[in-house]
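Undergrad:
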Amino acid sequence: MNMTTPIEQREFKIVGKSVKRDDVLEKVTGEAQYTGDIKLPGMLHGKIKRAAIAHARIKSIDVSKALAYPGVKAVLTHETVPRVLHYGSPHPRSASCTKDQYILDHKVRFWGEGVAAVAAISEEIADEALDLIEVEYEALPGVFEPEDAVQLGAPLIHEVGPGGNLVLDPVRVNRGDIDKGFAEADFVLEGTFAGGRPHPAYMEPNVCVADWDGSNKLTFWTSTQTSFMVRGILAEVLGLPLTKVRVLVDHMGGGFGAKQDLFQHEFLCALLAKETRRPVKMEFTRHETFVAGRSRHPCKIWLKQGFKNDGTLVARDMKLVYDSGAYGSHGPGVTIVGTTAATSLYRCENVRLEGRCVYTNTPINGAFRGYGVVQSYYALDIQMDEAAERLGMDPAELKLKNVVRAGDIAPSGHPIIGHGLEICLKHGIDVLDWTTLRGRDRTPDPKRPHIRKGWGIGCEMHGSSAYPGIKEQGNATVKVNEDGTVTLLTGAAGLGTGAHTALAQIVAEELGVRFEDVGVIHGDTDVVPWDIGAFASHTTYLVGTAAKMAAEKVRAAVLARAAMKLQVSAEEIDLSEGKVFLIAEPDRSMTVSEAMGPSRGIPAANIVANGTYEPTKSYSFAAHFTEVDIDTETGIVEVKRVVPVHDVGRVIHPIAAQGQIEGGIQQGIGHTLTEDYVIDKKTGRSLNAGLVDYKMPLSMDMPDIETIILEAAPDPGGPWGAKGVGEDPIIAIGPSIANAIHDAIGVRFHHYPITPEDILKALREKGA
Amino acid sequence: MRRFDYHRAETLEHASRLLTELGDDTFLFNGGTDLLVEIRERLRRVRNVVDIKQIPGLSDITYNETRGLTFGALVTVGRLENLSLVRQRYPNLRSALASLGSIQVRNRATVVGNICRASPSADTIPPLVADGAFVHIYSRTNMRVVPICEFFTGPGRTVLAKGEIVTGITVPPAGDNTGKAYLKHGRRKAMELSTVGVAVSLAMDDGVCSDIRIALGAVGATVLRAPQAEAMLRGTRLDAEAVRSAADKAMEECTPISNVRASADYRRDMVGVLTGRAIKQALETFA
Ligand SMILES: Cc1cc2nc3c(=O)[nH]c(=O)nc-3n(C[C@H](O)[C@H](O)[C@H](O)COP(=O)(O)OP(=O)(O)OC[C@H]3O[C@@H](n4cnc5c(N)ncnc54)[C@H](O)[C@@H]3O)c2cc1C
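Chains as they are written, first to last, in my numbering: chain S, 1 to 768; chain E, 1001 to 1287.
#1: Just by C-beta distance, which residues in the segment 1165 to 1195 of chain E are closer than 8 angstroms to chain S?
#2: Could you check the C-alpha separation between glutamate 794(S) and arginine 561(S) for me, to the nearest Å?
#3: For chain S, is any of its Cβ atoms less than 8 angstroms away from the one on tyrosine 1266(E)?
#4: So, is the C-beta of lysine 766(S) closer than 8 angstroms to a C-beta in chain E?
#5: What is the DSSP secondary structure of proline 644(S), counted as helix, strand or coil?
#6: Check the Cβ of aspartate 1269(E) against every Cβ in chain S and list those closer than 9 angstroms, keeping chain order.
#7: For tyrosine 467(S), collect the residues of the same chain with a Cβ closer than 8 angstroms to its Cβ; drop the 5 residues on either side in sequence, then sort them by chain order.
#8: Would you say threonine 1110(E) touches ligand 1, meaning its beta carbon is less than 7 angstroms from a heavy atom?
#9: Can you tell me which residues form a DSSP beta bridge with glutamine 225(S)?
#10: When you compare each of Glu31(S), Asn174(S), Gln225(S) and Val280(S) to cysteine 348(S) by their alpha carbons, which one comes out closest?
#11: Does lysine 695(S) get closer than 8 angstroms to chain E when you measure Cβ to Cβ?
#12: Using 8 angstroms as the threshold, is the C-beta distance between glutamate 711(S) and glycine 659(S) below it?
#13: What's the C-alpha gap between tyrosine 87(S) and glutamate 136(S)?
#14: Run the proximity test for glycine 1101(E): is its beta-carbon closer than 7 angstroms to any non-hydrogen atom belonging to ligand 1?
#15: Using a threshold of 7 angstroms, is the CB atom of leucine 1193(E) nearer than that to any non-hydrogen atom of ligand 1?
#16: Please report the distance separating the alpha-carbon of glycine 46(S) from that of glutamate 1038(E).
#17: Check the Cβ of asparagine 688(S) against every Cβ in chain E and list those closer than 9 angstroms, keeping chain order.
#18: Ligand 1 heavy atoms versus the CB of leucine 1022(E): any closer than 7 angstroms?
#19: How is arginine 93(S) classed by DSSP in three states: helix, strand or coil?
#20: Apart from the five residues on each side of it in sequence, which residues of its chain come closer than 6 angstroms, Cβ to Cβ, to aspartate 758(S)?
#21: Identify which residue in Val608(S), Asp105(S) and Leu40(S) has its Cα closest to the Cα of alanine 558(S).
#22: Is there a Cβ from chain S that is less than 8 angstroms from the Cβ of methionine 1001(E)?
#23: So, is arginine 93(S) buried or exposed, given that buried needs 16 or more other C-beta atoms within 10 angstroms?
#24: Does any C-beta atom of chain E lie closer than 8 angstroms to the C-beta of glutamate 711(S)?
#25: Shortest alpha-carbon distance to lysine 1180(E) belongs to which of Val1112(E), Ile1214(E), Pro1147(E) and Ala1264(E)?
#26: Give the residues of chain E in contact with glutamate 124(S), contact being defined as C-beta atoms less than 8 angstroms apart.
#27: Nearer than 7 angstroms: is that true of the beta carbon of isoleucine 745(S) relative to any heavy atom of ligand 1?
#28: Can you tell me where the alpha helix (DSSP H) with arginine 764(S) in it begins and where it stops?
#29: Would DSSP call valine 321(S) helix, strand or coil?
#30: With a threshold of 8 angstroms, are at least 3 pairs of Cβ atoms found where one atom belongs to the segment 154 to 165 of chain S and the other to the segment 350 to 367 of chain S?
#31: Taking 8 angstroms as the CB-CB cut-off, is valine 1145(E) touching chain S?
#32: Under 8 angstroms, with one C-beta from each stretch per pair, do the segment 1007 to 1020 of chain E and the segment 690 to 707 of chain S reach the 3-pair mark?
#33: Applying a beta-carbon distance threshold of less than 8 angstroms, which residues of chain S neighbour valine 1200(E)?
#34: Taking the Cβ atom as the reference point for each residue, do alanine 1133(E) and valine 1171(E) lie within a distance shorter than 8 angstroms?
#35: Residues of chain S with CB under 8 angstroms from valine 1273(E), in chain order?
#36: Mind the definition here: the segment 719 to 735 of chain S touches the segment 1201 to 1220 of chain E only if three or more C-beta pairs lie below 8 angstroms; say whether that holds.
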């Protein structure tokens, strides 16, 4: 075990309990204010004219008719907006990003890209005016698949970057000696894998409101996970100091990673408001969240691994190609994280990896829960199952033999802490009595002879924080009010995960006050401390630790103040449940309110402290055990039961953690079986940009999920050992389903989504 | 969403007049679950909507043993779905009703709206076709009754002339010797437009099939009958072999297209599977 700092053990009063979330009442009564609820006096509505062509040069744009349309107040085109080249994903201190976006350009790079924007007195009028904008295009040949984009002579989508339609130079990772590894192997498995283009389909479409005041200051409400990045890049592109841009975000209807880009509509909304000197709102339709939002990178993977006959993995050679779509966005980050992740999960000393990210004339792919790892671990885990089959071994046994363990070097370059994955696997095997499950029911139920059953396992590990790609920093400010209540100021966004509740629990626990006495102020860049954004499963881990540090300082100050009032030394007293008391004489006490308030000529105390935390990374682990039913006549796969076993270190709020796991499984079932955002390979047109034909599983489609959360490998980097849980559950479910399908019908699938047509076709080829 | 004007009709005559006077881009507004989506998604250009929900006399449901089941244009999918009469006598229709959208949608959507939209994938059409339903049509000059299989002329198109309004639907009585089923095939269990829908309505006489109608949804320009498959089954005991050959024939009789929901081949395969299963399920009534 490599534990640098011992983890404090204590009896918890608030942490580990599913306290009532602070936002529950507001949300169920409909009082919660979302960005879309904002109405300002004189507010205009903005709409974007979108190209119905995938690759073209704009020869001319005539907006005169649109401008003359009654109710239209402004129209913007590439000729009238500032021409500033900027990042799509403005991660500060990010490892590698290419500036490849303009607010509006004279070139169209994907079907659905914005080419002009209108502000009008109503949404309907703005929408109607779009049809009056006349755009003349010079069509350019398009490329819609990475393999076509990297061909010599393929049309170039960007003038910037490394060229050849690469978003970044290939990412290469080498460990050990690959040739030696293969030379030692008793057998080699080789295969290609392919992942589709799932879309996060968050409930709340992207929306923003811009308002400039008389002092030329921009107030900007937007549904974002990264308000400080929005502030920074808006200020940069608009040429303003940070004091002149205030970004606000209260409640959000999800984001799943995709709301951490700086979107075209956000710039345009600010510019339309500036031009008209009136507030402007822009809200995506559901269609726009597909074409102009962000989806997961489709990925093609070639994987070759060498094994010994005892199941030892001796060599891993892997090439990954991620499809970035028309812009870089998170392509570099996804490629780096997804590729380097393949150094781990299953131990292997000799590794050679190469990740590429390629531009195509398709809608932009960005950050989405599981960030490149969904793709790479799908391949790793399925091939591990194949190795077990080849060896005549139970996959559980082979996986158990090879999973990462404490001290192994993680993708981040740090030693893994704890045997988390091993414990998750073992726990699931025991709970389910695994060895009795697989292959059972090979003789079908006589009443349903066309149904086959199968079980599969998927494993995953995922980091909390984006280190080392991004040097992260968590900040928190904690204030104690004179009545003994406490205010936490945080920049962490509230996507709907319950993060603010967890942070308040941490503050209350550390400080020694009741949970109900902690209020959280968030989402105002003029007020709260700087924040990197809510992503990389890191909010509880990173900001939680910062909040704990701030609370610790505040606690010391409260104790000092109480000691003065009680005329004892601070070492003699303790603070718990809002009361300061003498350790030796607990009846001698005073409330935090009495300690803080004015008395006998002493003014009320002003106690404020900051916590700043710069972590490296911790890893959470999970093994998913999944049962499927397959209808061999229709090809429909029904996920019947999932037993997800997760290690997330210290659990802060069990129900919230469980909610993350169940939600991740729902999304994972979606991309494995039914969800795929389909782009026509001839024209680049979207074929199912909407919820009519983009099929997410609904409550009726959900299996029984029996979540097990272990606190097996707490990490000293998080508060009391807490680690992230946000992204983990979406990773393991996919391969567990694919492996269960194989168990049921003996067919291997190397791609997702696995559709009913794929199943039928494979069964036919197999001659069943 | 594009702007449109809203008109409320007081009577059928009023609604019909508004339809002719207000011009081509005028549409009846019933539950609105198709119409509003079409306006919003810009699938249909609409300038005026004529709300018929206040017109008296269009909300009745009646049943008698000779005429069968009659319901008015305003009767919602949810209301019919919850009638025990429908559950007992028309299990095919009931299954279609219960599979349409979600509870919220069903509380708003009407069956008449479903047939007037004339989508090839509409769920209530196959059972109504299999049961040989009739459509009652009002116009200011005369009333007419059209067999449902003659009502559709193409995807989204019907025999309705300008100013005509559907006032209700009659489904013939369901005898004791009948068996019915509707099976819907989609990518998920609810909130799903069917990839294929198959309705069966059959009558057995002393173990022999005296009549059978098979209606296929989402595999042609309109909901189709499978007349050759039906002919192969009439007079048989509907044993497994006969059903299998008829199901194969139904696959030949349909004319599916490929789209993002499924390929034509897969749809055809599903016609075969679902036809077999629907007949089996319809026969369970007699078991
Ligand atoms: C979320 C959602 C899910 C859905 N799921 C399904 C599904 O699973 N299966 C399915 O089949 N459908 C589904 N639909 C489509 C729709 O709900 C049904 O077609 C519904 O039955 C339409 O009825 P309505 O009363 O809402 O029709 P409306 O939208 O009011 O009208 C539909 C069309 O019929 C015309 N019309 C209406 N009444 C008359 C009349 N009396 N005479 C002449 N013309 C008339 C209208 O002008 C319009 O063109 C779904 C819709 C939504 C929004």
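In this text, a Cβ means the ideal position worked out from N, Cα and C, and glycines have one as well.
Note that this is a predicted model, so its numbers are computed, not measured.
TA: Reading from the atomic positions:
#1: Listed by position, the residues of the segment 1165 to 1195 of chain E near chain S (Cβ gap below 8 angstroms) are His1185, Arg1187, Arg1188, Lys1189, Ala1190, Met1191, Glu1192 and Leu1193.
#2: Absent from the structure is residue 794(S), since the part of chain S shown begins at 1 and ends at 768.
#3: Taking the first residue of the second sequence as position 1, residue 1266(E) is located at position 266. True, the Cβ-Cβ gap to chain S drops below 8 angstroms.
#4: Residue mapping note: residue 766(S) aligns to position 766 of the first sequence, counting from 1. Not closer than 8 angstroms to any Cβ of chain E, the Cβ of lysine 766(S) fails to qualify, so no.
#5: As a first step, residue 644(S) is located in the first sequence; it is residue number 644 there, counting from the start. If DSSP states are grouped into helix, strand and coil, proline 644(S) belongs with the strands.
#6: Locating residue 1269(E) in the second sequence gives position 269, where the first residue counts as 1. Glu633, Thr634, Gly635, Glu757 and Leu760, listed in chain order.
#7: Stepping through the first sequence from its first residue, residue 467(S) is reached at position 467. Within the same chain, tyrosine 467(S) has close Cβ partners Ser412, Pro615, Thr616 and Lys617.
#8: Taking the second sequence and counting its residues from 1, the one referred to as residue 1110(E) is at position 110. Yes, Cβ of threonine 1110(E) sits closer than 7 angstroms to a heavy atom of ligand 1.
#9: Translated into positions along the first sequence, residue 225(S) becomes position 225. DSSP, once it has assigned bridges, lists no residue as partnering glutamine 225(S).
#10: Residue numbering aside, residue 348(S) sits at position 348 when the first sequence is read from its first letter. It is Asn174(S) whose Cα lies nearest to the Cα of cysteine 348(S).
#11: By 1-based counting over the first sequence, the position of residue 695(S) is 695. With 8 angstroms as the cut-off, lysine 695(S) counts as an interface residue toward chain E.
#12: As a working mapping, residue 711(S) is identified with position 711 in the first sequence. As a working mapping, residue 659(S) is identified with position 659 in the first sequence. Result no, Cβ atoms of glutamate 711(S) and glycine 659(S) do not sit closer than 8 angstroms.
#13: Here the question's residue 87(S) lines up with position 87 in the first sequence. Here the question's residue 136(S) lines up with position 136 in the first sequence. If I take the Cα positions, the gap works out to 27 angstroms.
#14: As a first step, residue 1101(E) is located in the second sequence; it is residue number 101 there, counting from the start. For ligand 1, at least one heavy atom lies less than 7 angstroms from the Cβ of glycine 1101(E).
#15: Position 193 of the second sequence, counting from 1, holds the residue named residue 1193(E). The nearest non-hydrogen atom of ligand 1 is less than 7 angstroms from the C-beta of leucine 1193(E).
#16: Counting from one through the first sequence, the residue named residue 46(S) turns up at place 46. Counting from one through the second sequence, the residue named residue 1038(E) turns up at place 38. Going by the C-alpha atoms only, they are around 22 angstroms apart.
#17: Taking the first sequence and counting its residues from 1, one reaches residue 688(S) at position 688. Per Cβ cutoff of 9 angstroms: Val1260 and Arg1261.
#18: Within the second sequence, residue 1022(E) is the residue found at index 22, counting from 1. The answer is no for leucine 1022(E).
#19: For the purposes of this step, residue 93(S) is taken as residue 93 along the first sequence, with counting starting at 1. Note that arginine 93(S) scores a pLDDT of 48, beneath 50, so its modelled location is shaky and nothing firm can be said.
#20: Here residue 758(S) refers to the residue found at position 758 when the first sequence is read from its first residue. Answer for aspartate 758(S): no residue qualifies.
#21: Numbered from its first residue, the first sequence carries residue 558(S) at position 558. In the sequence on display, residue 558(S) carries valine and not alanine. Among Val608(S), Asp105(S) and Leu40(S), the Cα nearest to that of valine 558(S) is on Val608(S).
#22: Within the second sequence, the letter at position 1 stands for residue 1001(E). So, interface residue.
#23: One-based indexing of the first sequence puts residue 93(S) at position 93. At arginine 93(S) the pLDDT is 48, less than 50, meaning the model places this residue with poor confidence; the figure from the coordinates comes in the next sentence. Arginine 93(S) should be labelled exposed.
#24: Within the first sequence, numbered from 1, the residue matching residue 711(S) stands at position 711. No, glutamate 711(S) does not count as interfacial toward chain E.
#25: Along the second sequence, one-based indexing puts residue 1180(E) at 180. Distances from the alpha-carbon of lysine 1180(E) to those of Val1112(E), Ile1214(E), Pro1147(E) and Ala1264(E) put Ile1214(E) closest.
#26: Translated into the one-based positions of the first sequence, residue 124(S) becomes position 124. Under the 8 angstroms cutoff, chain E gives Met1001, Arg1002 and Arg1003.
#27: As a working mapping, residue 745(S) is identified with position 745 in the first sequence. Distances from the CB of isoleucine 745(S) to the heavy atoms of ligand 1 are all 7 angstroms or more.
#28: Here residue 764(S) refers to the residue found at position 764 when the first sequence is read from its first residue. Taken as a continuous stretch (DSSP letters only), the alpha helix (DSSP H) holding arginine 764(S) covers 756 to 766.
#29: On the first sequence, residue 321(S) is found 321 positions in, with the first residue counted as 1. Secondary structure of valine 321(S) (DSSP, three-state): strand.
#30: yes
#31: Within the second sequence, numbered from 1, the residue matching residue 1145(E) stands at position 145. No, because no Cβ of chain S sits closer than 8 angstroms to the Cβ of valine 1145(E).
#32: no
#33: The residue given as residue 1200(E) occupies position 200 in the second sequence. Per Cβ cutoff of 8 angstroms: no residues; valine 1200(E) is ~17 angstroms from chain S at best.
#34: Indexing the second sequence from 1 puts residue 1133(E) at position 133. Indexing the second sequence from 1 puts residue 1171(E) at position 171. In this structure, valine 1171(E) lies closer than 8 angstroms to alanine 1133(E) by Cβ.
#35: Residue numbering aside, residue 1273(E) sits at position 273 when the second sequence is read from its first letter. Here the neighbours are Glu633 and Thr634.
#36: no
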